[in-house]
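With the first letter of the sequence shown counted as 1, position 18 gets the number 20 in our numbering; the numbers rise by one all the way through.
Ideal placement from N, C-alpha and C gives every residue a C-beta, glycine not left out.
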Amino acid sequence: MSIFSISKTDSIGPQNPMPIQVLLVDDSPVVLTILKRLLDSTSEIEVAGTARTAREALALIPRLQPQVICTDLKMPGMDGLDFIREVMANDPRPILVLSASVQPRDTENVFRLLAAGAVDVLPKPIVNGTADLMTIKQELITKIKVLAGVAVFKLHRRSSPQLTERSIDLPSVSPSRFSQLDLKFSQSEIDRIEIVGIGASTGGPQALRSILSEFPENFPVPAICVQHISSGFLAGLIQWLSAECLLPVSMA
Numbered sequence: 003m004s005i006f007s008i009s010k011t012d013s014i015g016p017q018n019p020m021p022i023q024v025l026l027v028d029d030s031p032v033v034l035t036i037l038k039r040l041l042d043s044t045s046e047i048e049v050a051g052t053a054r055t056a057r058e059a060l061a062l063i064p065r066l067q068p069q070v071i072c073t074d075l076k077m078p079g080m081d082g083l084d085f086i087r088e089v090m091a092n093d094p095r096p097i098l099v100l101s102a103s104v105q106p107r108d109t110e111n112v113f114r115l116l117a118a119g120a121v122d123v124l125p126k127p128i129v130n131g132t133a134d135l136m137t138i139k140q141e142l143i144t145k146i147k148v149l150a151g152v153a154v155f156k157l158h159r160r161s162s163p164q165l166t167e168r169s170i171d172l173p174s175v176s177p178s179r180f181s182q183l184d185l186k187f188s189q190s191e192i193d194r195i196e197i198v199g200i201g202a203s204t205g206g207p208q209a210l211r212s213i214l215s216e217f218p219e220n221f222p223v224p225a226i227c228v229q230h231i232s233s234g235f236l237a238g239l240i241q242w243l244s245a246e247c248l249l250p251v252s253m254a
């Protein structure tokens, strides 16, 4: 396991001389103008284009080839959720959802978006009924720089998994499952595995779901996960993983 830290003054994301190309998607022209102004304040990010509908954004992606997409959730016509599904099924890109509908209380929205392929979410701060975007300038810039370095893959549309009782033949399956991993461990070391540790940051919830949902309910060793997650979202993550996995999930 590698442990590292990044100070606020360190550069985050890919070390490219060219600015990160971002596509902004929001039905509000005011929001698009403010977001563009915020991102134009740094030389590390360039707004490649803007779109006021998901359909317009889908048409722009092949031409603009953005490295990161920032999208709202609630939009007329195709909403942000279906937009993410289309992008991830056809031309996957790291996606940040910037919306007033992804507050910590909006657990269902947040984890449906992550399950669809969004890498991260950022709540729009609301002041007196309007979005106060200036307060999230630095967080938005940081998240975009991080997302630009995240590898994403095609996600085919699928229905929610139906959880059924699964079990494994522990003596025969447990060693062979571990031995399939490309690890430089001897068989005797594999046989002595007593715990599985998983560390994750941006994009981690999807990875945790993909891995843990494959574990049978009689998985032979404990699994401990360390996930970097925004304040207020941990309880929702536990609830989401509990619904997706056969193993019991709890906070340590």
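G51 and L34 do not touch by the CB rule: their CB atoms are close to 10 Å apart, not below 8 Å. Excluding five sequence positions before and after I128, the CB atoms of its chain that fall closer than 8 Å to its own CB belong to A102 and D134, given in chain order. Secondary structure at E216: coil, using DSSP grouped into helix, strand and coil. Check the Cα spacing between L249 and each of A237, I226 and M77: the tightest is with I226.
F235 is classed as buried because its beta carbon has at least 16 other beta carbons within 10 Å across all chains shown. Residue environment analysis places V49 among the buried positions, since at least 16 neighbouring C-beta atoms fall within 10 angstroms of its C-beta. Close CB contacts of P96 within its chain, under the 6 Å cut and outside five residues either way in sequence, are with V70, V121, L149, V152 and V154 (chain order). The DSSP assignment places complete alpha helix (DSSP H) segments of no fewer than 4 residues inside the region 9 to 73 at 31 to 41 and 56 to 66, in order along the chain. The beta strand (DSSP E) runs lying completely inside the region 119 to 153 and spanning 3 residues or more are 122 to 125, given in chain order. Within the DSSP secondary-structure output, S101 pairs in a beta bridge with P125. DSSP, reduced to helix, strand and coil, places V89 within a helical segment of the structure shown. In this structure, DSSP gives V112 a helical state, which the three-state scheme calls helix.
Looking at the DSSP output, Q229 sits in a beta bridge with A202. In the structure shown, the three-state DSSP call for D193 is helix. By the neighbour-count definition (other C-beta atoms within 10 Å, threshold 16), P125 is a buried residue.
Residue burial annotation: E88 is buried, with at least 16 other C-beta atoms found within 10 angstroms of its C-beta.
Spatial neighbours of H230 in its own chain (CB-CB distance under 8 Å, excluding positions within 5 residues in sequence) are listed in chain order as A202, S203, T204 and G206. In this structure, the CA atom of P224 is about 16 Å from the CA atom of I240. If you draw a straight line from the Cα of R211 to the Cα of K38, it is about 34 Å long.
The Cβ atoms of G79 and V27 do not sit closer than 9 Å to each other.
Counted as a single uninterrupted DSSP element, the alpha helix (DSSP H) harbouring L239 occupies residues L236 to E246. Inclusion of D74 and L100 in the CB contact set at 9 Å is warranted, their separation being smaller than that value.
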